[in-house]
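So the structure is just underneath, and the comments pick up after that.
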Amino acid sequence: MSFEEMWAALLPVGRDEATGGYHRFSWTPPELECRAWFLDEARRRGLDVEHDANGNMVAWWLPEDGTRHGAVLTGSHLDSVPGGGAFDGPLGIVSAFAAVDELRRRGSTPAKPIGIAAFAEEEGARFGVACLGSRLVSGAIDPARARALTDGDGHTFAEVMHNAGFDPEAIGPDDDLLGRIGCYVELHVEQGRVLEEPVGIASAIVPHGRWRFDFTGEGNHAGTTLLADRRDPMLPFARMVIAAREAAERNGTVATVGKVAVVPGGVNAIASSVTAWLDARGPADERVRRTVREIDEAARVAARPHRVSVDLAEESYTEIVDFNRALRDRVGAALGGAPVLPTGAGHDAGVLSARVPAAMLFVRNPTGVSHAPAEFAEPADCLAGVAALAAVLDDLARG
Ligand code: HGY
Ligand code: MN
Ligand code: MN
Ligand code: MN
Numbered sequence: 007m008s009f010e011e012m013w014a015a016l017l018p019v020g021r022d023e024a025t026g027g028y029h030r031f032s033w034t035p036p037e038l039e040c041r042a043w044f045l046d047e048a049r050r051r052g053l054d055v056e057h058d059a060n061g062n063m064v065a066w067w068l069p070e071d072g073t074r075h076g077a078v079l080t081g082s083h084l085d086s087v088p089g090g091g092a093f094d095g096p097l098g099i100v101s102a103f104a105a106v107d108e109l110r111r112r113g114s115t116p117a118k119p120i121g122i123a124a125f126a127e128e129e130g131a132r133f134g135v136a137c138l139g140s141r142l143v144s145g146a147i148d149p150a151r152a153r154a155l156t157d158g159d160g161h162t163f164a165e166v167m168h169n170a171g172f173d174p175e176a177i178g179p180d181d182d183l184l185g186r187i188g189c190y191v192e193l194h195v196e197q198g199r200v201l202e203e204p205v206g207i208a209s210a211i212v213p214h215g216r217w218r219f220d221f222t223g224e225g226n227h228a229g230t231t232l233l234a235d236r237r238d239p240m241l242p243f244a245r246m247v248i249a250a251r252e253a254a255e256r257n258g259t260v261a262t263v264g265k266v267a268v269v270p271g272g273v274n275a276i277a278s279s280v281t282a283w284l285d286a287r288g289p290a291d292e293r294v295r296r297t298v299r300e301i302d303e304a305a306r307v308a309a310r311p312h313r314v315s316v317d318l319a320e321e322s323y324t325e326i327v328d329f330n331r332a333l334r335d336r337v338g339a340a341l342g343g344a345p346v347l348p349t350g351a352g353h354d355a356g357v358l359s360a361r362v363p364a365a366m367l368f369v370r371n372p373t374g375v376s377h378a379p380a381e382f383a384e385p386a387d388c389l390a391g392v393a394a395l396a397a398v399l400d401d402l403a404r405g
């Protein structure tokens with residue numbers, strides 16, 4: 007299967023034909039179909055697939071002598087954000103299979119194992135915590151907390167993993183797997199519009215996190231309740247959204263409220279509660295933290311006169327990731343030089359970099375758009391990404 011054929015096979019899976027957006031949420035039919043595609047591509051190449059306890063998969067190309075250590079891991083994720091683009095995640099996995107094909111075409115015989123990973127729940131679109139699979143395998147999240155995470159229908163992660171055939175009590179760090187990995191190199195579509203060359207190398211991932219605001223008021227009739235008698239949580243929520251933009255402008259960060267849940271959600275009913283999720287990121291920890299503090303303060307001040315309570319919970323936070331300089335330089339040398347750029351997007355490579363040397367390659371995105379249907383990379387740039395990844399894997403897997 008060529009890159010083009012693999013891409014064509016995966017492209018329609020989980021796509022909303024009306025909007026062109028993808029809905030590939032962990033352990034739902036479209037993502038299960040992507041998982042089945044991954045297993046097929048691995049089987050087609052005679053790669054053994056390892057499933058860890060967290061739903062992550064690794065397709066292994068082992069050296070003839072069966073060495074299992076010092077592995078060069080690549081790959082990315084198969085899940086998407088709601089209405090996401092086609093490239094975020096899958097590009098890294100399709101490119102990895104195509105890069106392995108290219109190495110085999112050249113007759114390369116890697117001295118180290120090469121693994122192609124599909125990390126689970128990277129977007130956190132179903133259970134709310136980004137990079138859940140790589141956080142679990144690397145010990146970056148408490149397994150008990152992960153088991154209790156719930157999706158929009160109230161299903162817990164434990165329940166869903168059990169139904170998928172896993173033992174929920176087994177989820178958690180996999181030091182055996184991590185112990186076999188020498189480094190991780192993730193290829194990803196650029197999420198922004200900086201690259202002027204087909205392929206670039208990541209220097210850093212800026213600090214970023216997710217917080218949940220719970221506004222609790224009192225449900226009541228929209229028509230018969232006097233304004234003075236209302237405890238409407240929508241009002242401090244509305245203030246919080248504006249405050250997010252104002253705080254981001256003040257602090258030179260970015261803050262986004264993209265998801266909100268209103269209970270009961272009736273046109274003629276005053277809401278009893280509003281849950282809103284904040285995504286905040288920026289060049290320095292303190293500026294992100296200050297942004298969130300200011301938003302929280304504004305929400306509380308706005309809630310007081312309406313006798314609405316405000317609870318703030320941090321759902322996930324990743325401090326700045328400065329990618330391993332030696333690995334980054336070696337990747338750059340393998341490419342004969344490439345532009346280096348930071349990213350505002352979180353990735354499994356960022357989470358794993360706390361445990362193994364990690365690097366990222368970006369493939370140019372002429373639209374600059376990501377997490378939306380317009381996300382795009384030119385076919386020629388995708389093939390340049392495959393060639394770059396093949397060169398990097400060939401170099402790193404050398405004895
Ligand atoms: O949200 C992110 O930054 C990443 O694309 N998962
Ligand atoms: Mn991604
Ligand atoms: Mn993403
Ligand atoms: Mn990622």
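Its first residue numbered 7, the sequence shown is counted upward by one per residue in our numbering. Just so you know, even glycine gets a beta-carbon here, dropped at the ideal spot from N, CA and C.
*By a C-beta neighbour count over all protein chains shown, 10 Å radius and 16 as the cutoff for buried, is valine 307 buried or exposed?*
Here residue 307 refers to the residue found at position 301 when the sequence shown is read from its first residue. Exposed, because fewer than 16 other Cβ atoms sit within 10 Å of the Cβ of valine 307.
*Shortest alpha-carbon distance to valine 346 belongs to which of Ile207, Leu402 and Tyr323?*
One-based indexing of the sequence shown puts residue 346 at position 340. Selected option, being the one with the closest Cα: Ile207.
*Buried/exposed call for glycine 258, threshold 16 Cβ in 10 Å*: By one-based count along the sequence shown, residue 258 stands at place 252. It counts as exposed.
_Rounded to the nearest angstrom, what separates alanine 146 and valine 357 at their Cα positions?_
The count along the sequence shown starts at 1 and reaches residue 146 at position 140. The count along the sequence shown starts at 1 and reaches residue 357 at position 351. In a straight line, the C-alpha of alanine 146 is about 8 Å away from that of valine 357.
*From aspartate 85 to proline 96, what does the alpha carbon distance come to, in whole angstroms?*
On the sequence shown, residue 85 is found 79 positions in, with the first residue counted as 1. On the sequence shown, residue 96 is found 90 positions in, with the first residue counted as 1. Their Cα atoms are separated by approximately 8 Å.
*How big is the Cα-Cα spacing for proline 385 and alanine 14?*
In the sequence shown, counting from the first residue as 1, residue 385 sits at position 379. In the sequence shown, counting from the first residue as 1, residue 14 sits at position 8. So the two alpha carbons sit approximately 12 Å from each other.
*If we count the other Cβ atoms within 10 Å of its Cβ and call it buried at 16 or more, is aspartate 180 buried or exposed?*
Here residue 180 refers to the residue found at position 174 when the sequence shown is read from its first residue. So aspartate 180 ends up on the buried side.
*Helix or strand or just coil, what does DSSP make of cysteine 189?*
Position 183 of the sequence shown, counted from the start, is the residue given in the question as residue 189. Looking at cysteine 189 - three-state DSSP - the assignment turns out to be strand.
*Report, in whole angstroms, the separation of the C-beta atoms of glutamate 128 and glycine 139, which I expect to be a contact under 8 Å.*
In the sequence shown, residue 128 corresponds to position 122, counting from 1. In the sequence shown, residue 139 corresponds to position 133, counting from 1. Going by Cβ atoms, the distance from glutamate 128 to glycine 139 rounds to 7 Å, so yes, they are a contact pair.
*Should asparagine 274 be labelled buried (16 or more other beta-carbon atoms within 10 Å of its own) or exposed?*
If you number the sequence shown from 1, residue 274 lands on position 268. When all chains shown are included, asparagine 274 counts as exposed.
*Which partner residues of serine 279 appear in the DSSP bridge assignment?*
Here the question's residue 279 lines up with position 273 in the sequence shown. In the DSSP output, where bridge partners are listed per residue, serine 279 has Thr222 and Val269.
*Under the assumption that alanine 254 contacts valine 260 (Cβ atoms under 8 Å), give the Cβ distance between them as a whole number of angstroms.*
Taking the sequence shown and counting its residues from 1, the one referred to as residue 254 is at position 248. Taking the sequence shown and counting its residues from 1, the one referred to as residue 260 is at position 254. Right, the Cβ-Cβ distance comes to about 5 Å (below 8 Å), so this counts as a contact.
*Exposed or buried, proline 149, counting other C-beta atoms within 10 Å across all chains shown (16 or more means buried)?*
Here residue 149 is taken as the residue at index 143 of the sequence shown, counted from 1. Burial call: buried.
*asked:* One question on the structure: do valine 314 and proline 242 come within less than 8 Å of each other, judged by their Cβ atoms?
replied: By one-based count along the sequence shown, residue 314 stands at place 308. By one-based count along the sequence shown, residue 242 stands at place 236. Contact flag set, yes.
*asked:* If you reduce the DSSP assignment to three classes, tell me which class tryptophan 13 lands in.
replied: In the sequence shown, the residue the question calls residue 13 occupies position 7. Of the three classes helix, strand and coil, the one that applies to tryptophan 13 here is helix, per DSSP.
*Hey, glycine 81 and isoleucine 99: beta-carbon distance below 8 Å or not?*
Position 75 of the sequence shown holds residue 81. Position 93 of the sequence shown holds residue 99. Closer than 8 Å, so yes.
*Does the separation of the CB atoms of alanine 170 and tryptophan 33 fall below 8 Å?*
If you number the sequence shown from 1, residue 170 lands on position 164. If you number the sequence shown from 1, residue 33 lands on position 27. For alanine 170 and tryptophan 33, yes; Cβs fall inside 8 Å.
_Helix, strand or coil at isoleucine 99 [DSSP, three-state]_ = Numbered from 1 along the sequence shown, position 93 holds the residue referred to as residue 99. If DSSP states are grouped into helix, strand and coil, isoleucine 99 belongs with the helices.
*If you follow the alpha helix (DSSP H) that phenylalanine 125 is part of, which residue opens it and which one closes it?*
Reading the sequence shown from its first residue, position 119 is the one you call residue 125. Segment 120 to 125 is the beta strand (DSSP E) holding phenylalanine 125; no alpha helix (DSSP H) there.
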